[in-house]
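S.K.: Handing you a structure now.
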Amino acid sequence: MMQVVLQVVTLLNTLYKQFDASIEKYDVYKMETIGDAYMVVSGLPNRNGERHASEIADMALTLLELVSQFEIGHKKGELLKVRIGIHSGTCVAGVVGIMMPRYCMFGKTVTTAHFMESSGEPMKIHVSETTQKILATTGRYRLPFHRRLQVVSKYRVNTVEETELDTYWLEGRINPHQPRHRDAKNEDATPAFLAYVNEGSTLNQRHRTSSKL
1 MMQVVLQVVT LLNTLYKQFD ASIEKYDVYK METIGDAYMV VSGLPNRNGE RHASEIADMA
61 LTLLELVSQF EIGHKKGELL KVRIGIHSGT CVAGVVGIMM PRYCMFGKTV TTAHFMESSG
121 EPMKIHVSET TQKILATTGR YRLPFHRRLQ VVSKYRVNTV EETELDTYWL EGRINPHQPR
181 HRDAKNEDAT PAFLAYVNEG STLNQRHRTS SKL
């Protein structure tokens, strides 16, 4: 059992090193990694207007392509699979803690982005209608409708909010060589979540998600 755990840790360490190198090309900020979860945001801590959605979308497509060629070291011939979820909106962010201070994000935008990832499918990018509307204005992406989902958000003890949300797949760029979208600044941000979802993983996605809500 311990050997399997070490193999998974080695895999994630190798994968995250490649992710870290890839995201440097985009205007994004790596918030954290917890087990099988990799969280990235654009629009924070530096504002970049609605370009945050395009930066995250381009990054997600790049990482999905990277993963499609990533072979699991201890399972020869088996490729890694991930889910990616993206949502845009307002949030609260700041440095929390004294002994080990961390830059953290809070709010409905974060929990909705988590939901987009956990309700998605392996090797697909699940996008909320909020992000889809921003990306659609650029004319750069293929964004077919997926379905309407009920989002359950928990903020405080005994406080649950249920909303309905149209969701889409981000399938790729229409023209990869088209210049990136530029616009006026606003106060929103786009977080994205990636999770390792291969069968047999010792890292349970459901446990990771529930601990974050």
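The sequence shown begins at 1 in UniProt numbering and counts up one residue at a time.
Cβ atoms here follow ideal geometry from the backbone N, Cα and C, with glycine treated the same way.
1. If we call anything under 9 angstroms between Cβ atoms a contact, is L64 one with I84?
2. Please classify T10: does DSSP put it in a helix, a strand, or coil?
3. Applying the 10 Å Cβ sphere with the 16-neighbour rule, what's the burial state of S128?
4. Since I believe R142 is in contact with G172 (beta carbons under 8 angstroms), could you give me their beta-carbon distance rounded to a whole number of angstroms?
5. Report back the beta-carbon spacing between E55 and D27 to the nearest angstrom; my notes put them in contact at under 8 angstroms.
6. Check the C-beta distance from A93 over to P45 and give it rounded, since I have them as a contact under 8 angstroms.
7. Could you tell me whether the segment 13-28 touches the segment 96-108, using the rule of 3 or more Cβ pairs below 8 angstroms?
8. Name the DSSP bridge partner or partners of S128?
9. Can you tell me whether V95 is buried or exposed? The criterion is at least 16 other CB atoms within 10 Å of its CB, across all chains shown.
10. For G120, count neighbouring Cβ atoms within 10 angstroms of its own Cβ and tell me buried if that reaches 16, exposed if not.
11. Looking only at its own chain, which residues have a Cβ that is under 6 angstroms from the Cβ of D183, when we skip the five neighbours before and after it?
12. Starting from V40, trace the alpha helix (DSSP H) in both directions and tell me its first and last residue.
13. Name the DSSP bridge partner or partners of A93?
14. How would you label K185, buried or exposed, when you count the other beta carbons within 10 angstroms and need 16 or more for buried?
15. Could you check which residue in T130, A136, I134 and I72 has the C-alpha nearest to that of Q7?
16. For Q67, which three-state DSSP category applies?
17. Alpha carbon to alpha carbon, what distance is there between E164 and D58?
18. Measure how close the beta-carbons of M116 and I86 come, nearest whole angstrom, since I'm counting them as under 8 angstroms.
M.R.: The relevant details are as follows:
1. To locate residue 64, count along the sequence shown from 1; it is residue 64. To locate residue 84, count along the sequence shown from 1; it is residue 84. Yes, Cβ-Cβ distance for L64 and I84 is below 9 angstroms.
2. Working through the sequence shown from its first residue, we reach residue 10 at position 10. Three-state DSSP puts T10 in a helix.
3. Counting from one through the sequence shown, the residue named residue 128 turns up at place 128. Result: buried.
4. Residue 172 sits at position 172 when you count from the first residue of the sequence shown. Residue 142 sits at position 142 when you count from the first residue of the sequence shown. Correct: roughly 5 angstroms between the Cβ atoms.
5. If you number the sequence shown from 1, residue 55 lands on position 55. If you number the sequence shown from 1, residue 27 lands on position 27. Yes, E55 and D27 are in contact; Cβ-Cβ is about 5 angstroms, under 8 angstroms.
6. Numbered from 1 along the sequence shown, position 93 holds the residue referred to as residue 93. Numbered from 1 along the sequence shown, position 45 holds the residue referred to as residue 45. Indeed, because the Cβ distance is near 7 angstroms, the residues count as touching under 8 angstroms.
7. At 8 angstroms Cβ cutoff, the stretches do not touch.
8. Counting from one through the sequence shown, the residue named residue 128 turns up at place 128. Paired residues: T167.
9. Position 95 of the sequence shown, counted from the first residue, corresponds to residue 95. Answer is exposed; the Cβ neighbour count stays below 16.
10. Along the sequence shown, one-based indexing puts residue 120 at 120. Result: buried.
11. To locate residue 183, count along the sequence shown from 1; it is residue 183. Legend: pLDDT at D183 = 48, less than 50; position of this residue unreliable, no value from coordinates given.
12. Reading the sequence shown from its first residue, position 40 is the one you call residue 40. In the DSSP annotation of this structure, V40 is not part of any alpha helix (DSSP H); the continuous beta strand (DSSP E) holding it starts and ends at A37 to S42.
13. One-based indexing of the sequence shown puts residue 93 at position 93. For A93, which the question treats as bridged, DSSP gives the partners M105.
14. Locating residue 185 in the sequence shown gives position 185, where the first residue counts as 1. Because the pLDDT at K185 is just 44, under 50, the model does not fix this residue reliably, and the point stays unresolved.
15. The count along the sequence shown starts at 1 and reaches residue 7 at position 7. Closest by alpha carbon: I72.
16. As a position in the sequence shown, residue 67 is number 67, starting the count at 1. Note that residue 67 corresponds to Val in the displayed sequence, not to Gln. It is helical.
17. Here residue 58 refers to the residue found at position 58 when the sequence shown is read from its first residue. Here residue 164 refers to the residue found at position 164 when the sequence shown is read from its first residue. A straight-line Cα-Cα distance of about 26 angstroms links D58 and E164.
18. On the sequence shown, residue 116 is found 116 positions in, with the first residue counted as 1. On the sequence shown, residue 86 is found 86 positions in, with the first residue counted as 1. Contact between M116 and I86 holds: CB atoms are separated by about 6 angstroms, below the 8 angstroms threshold.
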